[in-house]
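Engineer:
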Amino acid sequence: MSISPRSTPIKTQKPSHKRPIPKVAAAKMAAALAAQVPQSAEAKIAMGWLHTAKFLTTAPELKHLPPLDVPEIAFVGRSNAGKSTCINTLTQINRLAFASKTPGRTQSINLFSLGKQGVMDAVLADLPGYGYAAVPKAAKARWQQVMGNYLQTRDTLRGVVLLCDPRHGLTELDEILLDVIRPRVGEGLKFLVLLTKSDKLNKTEAARALSIVRLQAGGGDVKLFSSLKRQGVEEVAQHLWQWAHPPVQDDQAAVAAAPADEPDAG
Numbered sequence: 001m002s003i004s005p006r007s008t009p010i011k012t013q014k015p016s017h018k019r020p021i022p023k024v025a026a027a028k029m030a031a032a033l034a035a036q037v038p039q040s041a042e043a044k045i046a047m048g049w050l051h052t053a054k055f056l057t058t059a060p061e062l063k064h065l066p067p068l069d070v071p072e073i074a075f076v077g078r079s080n081a082g083k084s085t086c087i088n089t090l091t092q093i094n095r096l097a098f099a100s101k102t103p104g105r106t107q108s109i110n111l112f113s114l115g116k117q118g119v120m121d122a123v124l125a126d127l128p129g130y131g132y133a134a135v136p137k138a139a140k141a142r143w144q145q146v147m148g149n150y151l152q153t154r155d156t157l158r159g160v161v162l163l164c165d166p167r168h169g170l171t172e173l174d175e176i177l178l179d180v181i182r183p184r185v186g187e188g189l190k191f192l193v194l195l196t197k198s199d200k201l202n203k204t205e206a207a208r209a210l211s212i213v214r215l216q217a218g219g220g221d222v223k224l225f226s227s228l229k230r231q232g233v234e235e236v237a238q239h240l241w242q243w244a245h246p247p248v249q250d251d252q253a254a255v256a257a258a259p260a261d262e263p264d265a266g
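Mapping the sequence shown onto UniProt numbering, position 17 (from 1) lands on 17, and the numbers just tick up by one.
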């Protein structure tokens, strides 16, 4: 018995003609991808170091903070200033730092260890947000005192990152905080003001915000920062790395490099 060939024609797929990506869109995609990749050796080192972040402990009171012998960098700012988002962006770890659904409810100091190969060489401290109107006055007063004591007395504190909304500038509480740390800044404490959510500003607004906050801060660095567009991420990462790993002073380096005195022949 013979088998007749199939009479049903075989369907062939038409070649797909994908629409080319417009040049403008392609350029934006390339820029976005480039922004996610560190552009320098220093940035790669700093970003890799921050990616080692791990939750260390939480302390509701100063007395509960563990004694440390490594540099500590504190993140401070009003509720909803974007502290948790900033920390998560810098460390490239989603939800490392948690933001409370109710502003002002987070009332503990959260510490995160940093260090490669399991050797801790620095700590990030996420301090409670301040200034939220719905928080009881007693709680506000208590935490303002705790934060003031922390910023004034924490021996291992090496740097402070103050985050603020550039659309509002530094508030009265922000300026009070800067007044608290100013004596320690004179002794070498580093501080940096980050204008978060800068993607919400156009170029003119951003330049104006920078100018105003620089005058308000009265010294120190002021940077634009956007977690969404990754603006300032690498630059801030390098700041933190340098704070925690200061270069050897020239005089110390000279002493270390100088040859030892030869003993007298006689």
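Quick reminder that beta carbons are idealized off the backbone N, C-alpha and C, glycines included. For clarity, every value in this text was computed on a predicted model and none was experimentally measured.
1) Indicate the three-state DSSP secondary structure (helix, strand or coil) for R142 in the structure shown.
2) Exposed or buried, which one is F55 when buried takes at least 16 other CB atoms within 10 Å?
3) Would you please verify whether the beta carbon of P71 is less than 9 Å from any beta carbon of chain C?
4) Would L163 and G220 be called neighbours here (beta carbons separated by less than 9 Å)?
5) What residues in its chain sit with their C-beta under 7 Å from that of K116, if we drop five residues either side in the sequence?
6) For A46, count neighbouring Cβ atoms within 10 angstroms of its own Cβ and tell me buried if that reaches 16, exposed if not.
7) Run through DSSP, which three-state label would Q231 get?
8) For the beta strand (DSSP E) that contains V161, what are its first and last residues?
9) CB-CB under 7 Å to P66, same chain, minus the five flanking residues each way: which ones, in chain order?
10) Go ahead and label D69 buried or exposed: buried means 16 or more other beta carbons lie within 10 angstroms of its beta carbon, across all protein chains shown.
11) Is V97 near E234, with beta carbons less than 9 Å apart?
12) Of the residues G232, L62, L111, which one's Cα is nearest the Cα of F75?
13) What does the alpha-carbon distance come out to for the pair L212 and G188?
14) For V193, which option in T171, T204, N202, L201 has the closest C-alpha, if you only look at C-alpha atoms?
15) Label G186 either buried or exposed according to how many other C-beta atoms from any shown protein chain fall within 10 Å of its C-beta, with 16 as the threshold for buried.
16) Can you check which of these residues, P71, H168, Q92, is closest to R230 by C-alpha distance?
17) Distance, Cα to Cα, H245 vs L114?
18) Expressed to the nearest angstrom, what Euclidean distance is found between the alpha-carbon atoms of V123 and R142?
19) What residues in its chain sit with their C-beta under 8 Å from that of S108, if we drop five residues either side in the sequence?
20) Taking the Cβ atom as the reference point for each residue, do L201 and R167 lie within a distance shorter than 9 Å?
21) Go ahead and label T196 buried or exposed: buried means 16 or more other beta carbons lie within 10 angstroms of its beta carbon, across all protein chains shown.
22) Could you spell out the range, first to last residue, of the beta strand (DSSP E) harbouring V119?
23) Over the uninterrupted alpha helix (DSSP H) stretch that includes K203, give me the two end residues.
24) Under the rule that 16 or more other beta-carbon atoms within 10 Å means buried, what is residue 270, buried or exposed?
25) What are the start and end residues of the beta strand (DSSP E) that includes E61?
Structural biologist: Reading off the structure:
1) Position 142 of the sequence shown, counted from the start, is the residue given in the question as residue 142. Helix at R142.
2) Within the sequence shown, residue 55 is the residue found at index 55, counting from 1. With fewer than 16 other Cβ atoms within 10 Å, it is exposed.
3) The displayed structure is made up of one protein chain only, and chain C is not part of it.
4) Counting from 1 along the sequence shown, the entry for residue 163 is found at position 163. Counting from 1 along the sequence shown, the entry for residue 220 is found at position 220. Taking 9 Å as the Cβ cut-off, L163 and G220 do not qualify as a contacting pair.
5) Stepping through the sequence shown from its first residue, residue 116 is reached at position 116. Leaving aside the five residues that flank K116 on each side, the residues in its chain whose CB is nearer than 7 Å to its CB run, in chain order, W49, T52.
6) Residue 46 sits at position 46 when you count from the first residue of the sequence shown. Looking at its Cβ environment, which holds 16 or more other Cβ atoms inside 10 Å, A46 is buried.
7) Here residue 231 is taken as the residue at index 231 of the sequence shown, counted from 1. In the structure shown, Q231 adopts extended strand secondary structure according to DSSP, grouped into three states.
8) Locating residue 161 in the sequence shown gives position 161, counting from the first residue. From DSSP, the beta strand (DSSP E) with V161 extends over 157 to 164.
9) Here residue 66 corresponds to residue number 66 of the sequence shown, with the count starting at 1. Within its own chain, the residues whose Cβ lies closer than 7 Å to the Cβ of P66, once the five positions on either side in sequence are excluded, are T57, listed in chain order.
10) Walking along the sequence shown from the start, residue 69 turns up at place 69. Exposed is the call here.
11) Indexing the sequence shown from 1 puts residue 97 at position 97. Indexing the sequence shown from 1 puts residue 234 at position 234. It should be noted that the sequence gives Ala, not Val, for residue 97. In this structure, E234 does not lie closer than 9 Å to A97 by Cβ.
12) Position 75 of the sequence shown, counting from 1, holds the residue named residue 75. Of the candidates G232, L62, L111, the one whose C-alpha sits nearest the C-alpha of F75 is L111.
13) Position 212 of the sequence shown, counted from the first residue, corresponds to residue 212. Position 188 of the sequence shown, counted from the first residue, corresponds to residue 188. It is Ile, not Leu, that sits at residue 212 in the sequence shown. For I212 and G188, the gap between their C-alpha atoms comes out near 24 Å.
14) Within the sequence shown, numbered from 1, the residue matching residue 193 stands at position 193. The alpha carbon of V193 has as its nearest neighbour, out of T171, T204, N202, L201, the alpha carbon of T171.
15) Numbered from its first residue, the sequence shown carries residue 186 at position 186. So G186 ends up on the exposed side.
16) To locate residue 230, count along the sequence shown from 1; it is residue 230. Ranking P71, H168, Q92 by Cα distance to R230 puts Q92 first.
17) For the purposes of this step, residue 245 is identified with residue 245 of the sequence shown, where counting begins at 1. For the purposes of this step, residue 114 is identified with residue 114 of the sequence shown, where counting begins at 1. L114 has its alpha-carbon roughly 12 Å from the corresponding atom of H245.
18) Translated into the one-based positions of the sequence shown, residue 123 becomes position 123. Translated into the one-based positions of the sequence shown, residue 142 becomes position 142. So the two alpha carbons sit approximately 24 Å from each other.
19) Taking the sequence shown and counting its residues from 1, the one referred to as residue 108 is at position 108. Taking S108 as the centre and dropping the five residues before and after it, the same chain places the C-beta of T58, A59, P60, P128 closer than 8 Å to its C-beta, in chain order.
20) Translated into positions along the sequence shown, residue 201 becomes position 201. Translated into positions along the sequence shown, residue 167 becomes position 167. Annotated as proximal: L201 and R167, with beta-carbon spacing under 9 Å.
21) As a position in the sequence shown, residue 196 is number 196, starting the count at 1. Buried, by the Cβ-count rule.
22) Residue numbering aside, residue 119 sits at position 119 when the sequence shown is read from its first letter. Per DSSP, V119 belongs to no beta strand (DSSP E) and is neither H nor E.
23) One-based indexing of the sequence shown puts residue 203 at position 203. Segment 203 to 217, the alpha helix (DSSP H) holding K203.
24) Only positions 1 to 266 of the chain appear in this structure, which leaves residue 270 out of reach.
25) By one-based count along the sequence shown, residue 61 stands at place 61. Where E61 is concerned, there is no enclosing beta strand (DSSP E), given that its DSSP letter is neither H nor E.
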